Structures are given as C-alpha cells and as structure tokens.
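Residue numbers (the working numbering), protein chains in the order written: chain A, 6 to 146; chain B, 6 to 146.
The beta carbon of each residue, even a glycine, is placed where N, CA and C say it ideally should be.
These numbers were taken from a predicted model, which means no experiment stands behind them.
Right, one structure below, let's go through it.
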DNA sequence: ATAGAACCTGTAGTTACTAGAGGTTCAAGG
DNA sequence: CCTTGAACCTCTAGTAACTACAGGTTCTAT
C-alpha cells in the first residue's frame, strides 16, 4: 500500500486488535467508513487510524461502546467543555470501584468455602463446598 | 397450590429470581423439567426447588453455567471425590483474583487521567482525558 | 502469469439472560 | 356456577461486544 496509508490487516497489527473488530466498529458506525481501493479494500490514512486507536484505548479502559459514542460526540462539538468528559470518566470509575468491591466480597466467600474443604473426602455428599452452595443465600451483594 | 409444592412465581419469589430465568434454566436443561398440572402449569416440589436454589447460589458466586453443569455432574456421580469440586472452585477463585487485579490497574489509570483534569476548560481540545485516550497505549494488562 | 495471502460481504454463533406477543389456566369473589 | 384478572404457558427476538465462519474477490510477490 502507498505511503502513509495502511491496509486493515496492518492497522489491526499496529493498534492491537483483530480485523473483524474493525469491520464491526465500522458497521455499527463507531468509526467512519474509510475509502476503498478500486477493488474494494479499505485504505486507512492517519485520521482514520487515530480515531480507531482512540476507540480501542477507551475500550481497553472499559468504557462501553455507548460511552465512547458520547465521548466522540463531546469531541465533535467544541461547545462542550471537558467537564462532561470528566463526569463520564468519573462515573465510569465509580462503576469499576463497585465492581471491585463486589468481586472482593465474592472472592472472600469462595475463600471461606475452599478453606473448609480438605479436598480428599471420598463421598461427595460431605463436600463442604456443595453444602455451602445448597444454603439459602451463599452470598449477598 | 397444594401443600409442599409451589408455582413458578412462588419459587421465583422465594429464591430471588425471575420466572423467566427459571424457564431459561429448564430450556437449557440446567434443571430437570418439573411436572405439570392438567393445564400445563409447572409444579415445583422440594427436590426441584433445591436444585434450582443450588444453581442460583452458584451463579451468584460467579460460576458460569458450564461450570455449574460440571458441579452437577460431580454430584450425580458418587465415584467422584470432592477434590474435583475444590479444584473447580479454586480455579474460579483464581480467575476472580485476576479480574480484581485487572480492574485495580484500570482503576488506577482512570484515576490518573481524572486527576489531571480540572474539568472546567472551555476547549475540549485541551482535555487531558481525551489526550490520554489518544495515546498509543492507555493501559496495558 | 500465477499462487497464495489478504481482503471482501454477509450471516450465524457466543453468554446469560430479558422482554414481549398472543394466548390459556388458575383461584378468589359474587 | 360463573366471571374476572392475575398468573401462567410457549415461542421468538433482542441485548453487548464481538468472533467465526462461508464463499468469493483482490492484491502482491515471484
């Protein structure tokens, strides 16, 4: 491919995703449709690559596709100040905090179960893990 | 409904899920198909309720449906000792540990981004959060 | 010129449900 | 006994965010 442009496979390799993911983002219009060669192959120039990179980094940070759409809207309308961006990021961070807390609680419950189990009983009817799972509420969030 | 048996709605309320979830578990054969009334309504007696409860507790603890199928198989075959159960639980716990570690790393990255942002700039082009997302790798697991 | 890697579009599958449509049955009150 | 409305039935489609094919075309290097 000519200088400054990349094929979809090259882009995928560079930014670290699969070509199918790029297809998908284009289909759902999360990224603009890039121009094509005569034969119909996608041609990615710098702005296309940059936007795709942005989307992927945001995904890596756990933003949902809906949230990314919002971020992109904020970026397109210069009227918006970055307070909105910060708000979205903060909201997202709080969700993650909550998720961590939930997982830690769950992890603790599992640990207790595992500790109680010697793991060598021959009869599964006495397995403390199975017992624990049969209780009314094994874990409450 | 007669004594010792419950309708699907009563079961759902008692163990804390939706009736649709019970329908779903029956459809994918995670629980056995309960007997019906003349008119076709499900009739849940104690063993049916117990197995459903087991499944729900395991789901609450984050076991996947595939893992629950394995647990149920272990329980059906008395030849298995509970070492297998313990192994599955331990594996699951390690996955959760990893997930917590990932989320904490991600949470840190977000915190850094948020800290750098005053949140009051009028021009979004200078927003440090957007800047960070445009970087090559915002976060690596 | 040709081989084969890379690309194309489009559809279906994944996980664990949830929501809805359109119809039937059950239980309580009159 | 009859009616009413809540609860139930089955079946299909939708959700998130991709992934995996199938069946065909184009590009690139020799």
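What residues from the stretch 100-133 of chain A come within 7 Å of chain B, judged by C-beta to C-beta, listed N to C?
101, 102, 104, 105, 108, 109, 111, 112, 114, 115, 116, 118, 119, 122, 124, 125, 126, 127, 128, 129, 132
Might you give, ordered along the chain, the residues of its own chain that have their beta carbon closer than 8 Å to the beta carbon of residue 135(A), omitting 5 neighbours on each side?
By 1-based counting over the first chain, the position of residue 135(A) is 130. Cβ neighbours of residue 135(A) beyond the five flanking positions: 129.
State yes or no: is the beta carbon of residue 16(A) nearer than 7 Å to at least one beta carbon in chain B?
Start at 1 with the first residue of the first chain, and residue 16(A) comes out as number 11. No, because no Cβ of chain B sits closer than 7 Å to the Cβ of residue 16(A).
Counting only beta-carbon separations shorter than 7 Å, does residue 62(A) have a partner in chain B?
In the first chain, the residue the question calls residue 62(A) occupies position 57. Output row for residue 62(A): interface = yes.
By alpha-carbon positions, which one of 43(A), 66(A), 44(A), 35(A) ends up nearest to residue 53(A)?
Here residue 53(A) refers to the residue found at position 48 when the first chain is read from its first residue. Checked all of 43(A), 66(A), 44(A), 35(A); the closest Cα to residue 53(A) is 35(A).
Alpha carbon to alpha carbon, how far is residue 19(A) from residue 77(A)?
Position 14 of the first chain holds residue 19(A). Position 72 of the first chain holds residue 77(A). Approximately 22 Å between the Cα atoms of the pair.
Are there 16 or more other CB atoms within 10 angstroms of the CB of residue 28(B), so buried, or fewer, so exposed?
What you label residue 28(B) is simply residue 23 of the second chain in a count that begins at 1. Answer is exposed; the Cβ neighbour count stays below 16.
Using alpha carbons as the reference points, say which of 140(A), 68(A), 48(A) lies closest to residue 9(A).
Locating residue 9(A) in the first chain gives position 4, where the first residue counts as 1. Minimum Cα distance to residue 9(A) is reached at 48(A).
Should residue 11(B) be flagged as near chain A, meaning a C-beta pair shorter than 7 Å?
Along the second chain, read from residue 1 onward, the residue named residue 11(B) stands at position 6. Closer than 7 Å: no.
Please list the segments of the alpha helix (DSSP H) lying wholly inside the stretch 67-137 of chain B, counting only runs of 4 or more residues, in order along the chain.
As for any alpha helix (DSSP H) of minimum length 4 sitting wholly inside the stretch 67-137 of chain B, the runs are 70-81, 88-121, ordered along the chain.
Determine, using beta-carbon pairs with one atom in the stretch 53-65 of chain B and one in the stretch 88-105 of chain A, whether at least three such pairs fall under 8 Å.
Output reads no: the stretch 88-105 of chain A does not touch the stretch 53-65 of chain B.
Boundaries of the alpha helix (DSSP H) in which residue 31(A) is found, first to last residue:
Here residue 31(A) corresponds to residue number 26 of the first chain, with the count starting at 1. Counting along the chain, the alpha helix (DSSP H) containing residue 31(A) begins and ends at 24-32.
Counting only beta-carbon separations shorter than 7 Å, does residue 23(A) have a partner in chain B?
Within the first chain, the letter at position 18 stands for residue 23(A). Output row for residue 23(A): interface = no.
What residues match up with residue 49(A) in a beta bridge as DSSP calls it?
Sequence index remark: in the first chain, residue 49(A) carries index 44 (1-based). Its beta-bridge partners are 11(A).
Any C-beta of chain B sitting closer than 7 Å to the C-beta of residue 138(A)?
Reading the first chain from its first residue, position 133 is the one you call residue 138(A). Answer yes: the Cβ-Cβ gap between residue 138(A) and chain B drops below 7 Å somewhere.
List the DSSP bridge partners of residue 41(A).
Along the first chain, one-based indexing puts residue 41(A) at 36. Answer is 47(A), bridged to residue 41(A).
On the three-state DSSP scale, how would you describe residue 35(B)?
Against the second chain, residue 35(B) aligns to sequence position 30. In the structure shown, residue 35(B) sits in coil (DSSP, three-state: anything other than H, G, I, E or B).
What in chain A is Cβ-close to residue 79(B), meaning under 7 Å?
One-based indexing of the second chain puts residue 79(B) at position 74. The answer, in chain order, is 129.
Near residue 89(B), which residues of its chain fall below 6 Å by C-beta distance, leaving aside the five closest residues on each side in sequence?
Here residue 89(B) refers to the residue found at position 84 of the second chain. Within the same chain, residue 89(B) has close Cβ partners 79.
State buried or exposed for residue 137(B), treating a residue as buried only when at least 16 other CB atoms are found within 10 Å of its CB.
On the second chain, position 132 is the one that residue 137(B) refers to. Label assigned to residue 137(B): buried.
Using CA coordinates, which residue listed in 72(B), 42(B), 70(B), 58(B) is at the minimum distance from residue 23(B)?
Counting from 1 along the second chain, the entry for residue 23(B) is found at position 18. Distance from the Cα of residue 23(B) is smallest, within the candidate group 72(B), 42(B), 70(B), 58(B), for 58(B).
When you compare the CB positions of residue 108(A) and residue 104(B), do they come within less than 7 Å of one another, or not?
Counting from one through the first chain, the residue named residue 108(A) turns up at place 103. Counting from one through the second chain, the residue named residue 104(B) turns up at place 99. For the 7 Å CB-CB criterion, residue 108(A) and residue 104(B) form a contact.
Given this structure, state the Cα-to-Cα distance separating residue 31(A) from residue 70(A), to the nearest angstrom.
What you label residue 31(A) is simply residue 26 of the first chain in a count that begins at 1. What you label residue 70(A) is simply residue 65 of the first chain in a count that begins at 1. Each residue's Cα considered, the two are about 12 Å apart.
CB contact check: residue 59(A) to chain B, cutoff 7 Å:
Counted from its first residue, the first chain places residue 59(A) at position 54. The Cβ of residue 59(A) sits closer than 7 Å to at least one Cβ of chain B.
So, is residue 17(B) buried or exposed, given that buried needs 16 or more other C-beta atoms within 10 angstroms?
Taking the second chain and counting its residues from 1, one reaches residue 17(B) at position 12. The residue is buried, with at least 16 neighbouring Cβ atoms inside 10 Å.
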